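Engineer: In the working numbering, the protein residues as written are 4 to 376.
C-beta atoms are modelled at their ideal positions from N, C-alpha and C, and glycine is treated no differently.
The structure displayed is predicted, hence computed values, not measured ones.
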């Protein structure tokens with residue numbers, strides 16, 4: 004007998020759900036009780052288990068009940084780094100939920116310094132969460148809508164990660180009967196805060212522009228699993244771009260992204276493009292097959308940085324670390340080489356177009372074409 008799907012407001016028992024930044028885990032428990040099971044829930048906290056049970060009187064009981072109902076519970080998970088978590092990076096989610104994100108209490112909420120801290124937290128969350136989404140998945144943030152919280156500009160932060168707002172729904176705590184919102188700070192950690200005038204913002208990955216989708220077939224070199232990356236520099240702005248093809252000469256994915264204006268080195272742009280290509284390859288079904296990935300770049304520096312284990316520039320160490328983490332996760336053989344424009348002008352028109360798109364919009368774009376011929 005097939006178990007009937009159950010809903011708790013926006014969330015279904017058939018959804019694979021990641022909950023980020025939980026306090027006493029009462030929101031996770033509310034979903035679990037509504038579903039009658041918690042096997043589809045991955046509930047995480049920034050704090051350690053010891054800190055949680057000291058801060059929230061019901062945390063221990065809530066966690067025990069969630070564990071009995073089948074939830075996966077993870078502590079000390081940073082929302083800004085979670086795409087590299089050894090468990091989470093192997094899973095894709097239908098819903099990723101972050102209720103009332105907050106960077107801490109270091110001043111008044113209308114202080115520009117505090118607003119910037121909150122924005123950096125949310126921006127880091129968006130940049131990680133988008134990589135953990137399934138196709139058609141959604142990222143939900145519940146947030147206060149009145150000043151000074153409106154100054155966080157969630158939509159603008161989402162847009163920087165090529166996420167678009169699909170819906171904004173008034174939040175009512177009564178929709179989650181067992182949820183008890185908590186301040187999460189010092190001696191007042193276990194006390195509630197004023198939640199009215201809050202909404203749940205629903206975001207999804209923004210599709211690539213129609214302009215690029217319709218033109219990509221005209222300019223593809225016929226190569227096996229190649230990423231080509233280019234950077235265009237103009238008035239302090241830059242972008243990088245690339246594409247992945249399979250062994251049948253079929254395009255599988257393409258991407259473009261902005262380069263921070265303070266980084267003007269083409270080699271760094273190529274390195275960023277390689278990182279995105281590897282992450283996209285890892286997320287595809289191609290990674291599960293016994294095929295080789297050839298990563299081809301014009302930048303001899305970028306390739307040598309990846310192959311070298313010492314003496315690399317400090318400014319690229321974080322990107323190199325992320326690349327090495329992907330290489331350790333995938334079982335496929337990955338070969339790096341330099342191409343030097345051997346595929347002709349058409350392929351360069353293609354990647355230039357993508358790079359220019361990134362430069363003009365200051366957004367990250369990606370598109371999958373699983374059925375293209």
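Using three-state DSSP, classify residue 106 as helix, strand or coil.
Structural biologist: Note: residue 106 maps to coil in three-state DSSP.
Engineer: Take residue 80 and list the residues in its own chain whose beta-carbon comes closer than 8 Å to its own, dropping the five residues that flank it on each side.
Structural biologist: Around residue 80: 23, 47, 48, 49, 88 and 91.
Engineer: Is the CB-CB distance between residue 201 and residue 45 below 9 Å?
Structural biologist: For residue 201 and residue 45, no; Cβs fall outside 9 Å.
Engineer: Kindly indicate the opening and closing residues of the alpha helix (DSSP H) around residue 57.
Structural biologist: First-last of the alpha helix (DSSP H) with residue 57: 52 to 58.
Engineer: Between residue 126 and residue 106, how many whole angstroms is the CB-CB distance? I'm expecting something under 8 Å.
Structural biologist: In fact, because the Cβ distance is near 11 Å, the residues do not count as touching under 8 Å.
Engineer: List the endpoints of the continuous beta strand (DSSP E) containing residue 144.
Structural biologist: First-last of the beta strand (DSSP E) with residue 144: 136 to 147.
Engineer: If you run the structure through DSSP and keep just helix, strand and coil, what is residue 128?
Structural biologist: Note: residue 128 maps to helix in three-state DSSP.
Engineer: Out of 304, 329, 308 and 330, which has the shortest C-alpha to C-alpha gap to residue 320?
Structural biologist: The option with the nearest alpha carbon to residue 320 is 308.
Engineer: Mapping the DSSP letters down to three states, classify residue 257 as helix, strand or coil.
Structural biologist: Strand.
Engineer: Report the rounded CA-to-CA distance for residue 172 versus residue 206, giving the unit in angstroms.
Structural biologist: Each residue's Cα considered, the two are about 12 Å apart.
Engineer: Could you tell me whether the Cβ of residue 99 comes closer than 9 Å to any Cβ of chain B?
Structural biologist: You won't find chain B in this structure, because it holds only one protein chain.
Engineer: Does the distance from the CB of residue 255 to the CB of residue 208 come in under 9 Å?
Structural biologist: No, the pair does not count as a contact, with Cβ atoms beyond the cut-off.
Engineer: Suppose you measure from the CA of residue 238 to the CA of residue 9; what does that come to, to the nearest Å?
Structural biologist: Confidence is the limiting factor: at residue 238 the pLDDT is only 49, short of 50, which leaves the residue's position unreliable and the question unanswerable from this model.
Engineer: In or out: residue 145 buried (at least 16 other Cβ within 10 Å) or exposed?
Structural biologist: Buried, by the Cβ-count rule.
Engineer: Nearest to residue 3 by alpha carbon, out of 282, 76, 113 and 315?
Structural biologist: The question about residue 3 has no answer here: the residues shown for the chain are numbered 4 through 376.
Engineer: If you compare alpha carbons, which of 286, 316, 366 and 318 is closest to residue 334?
Structural biologist: Answer by Cα proximity: 286.
Engineer: Assign residue 94 to buried or exposed, taking buried as 16 or more other Cβ atoms, counted over all protein chains shown, within 10 Å of its Cβ.
Structural biologist: Residue 94 is exposed by the Cβ-count criterion.
Engineer: Can you tell me whether residue 7 is buried or exposed? The criterion is at least 16 other CB atoms within 10 Å of its CB, across all chains shown.
Structural biologist: Under this definition residue 7 is an exposed residue.
Engineer: How many Å lie between residue 139 and residue 193 at the Cα?
Structural biologist: If I take the Cα positions, the gap works out to 36 Å.
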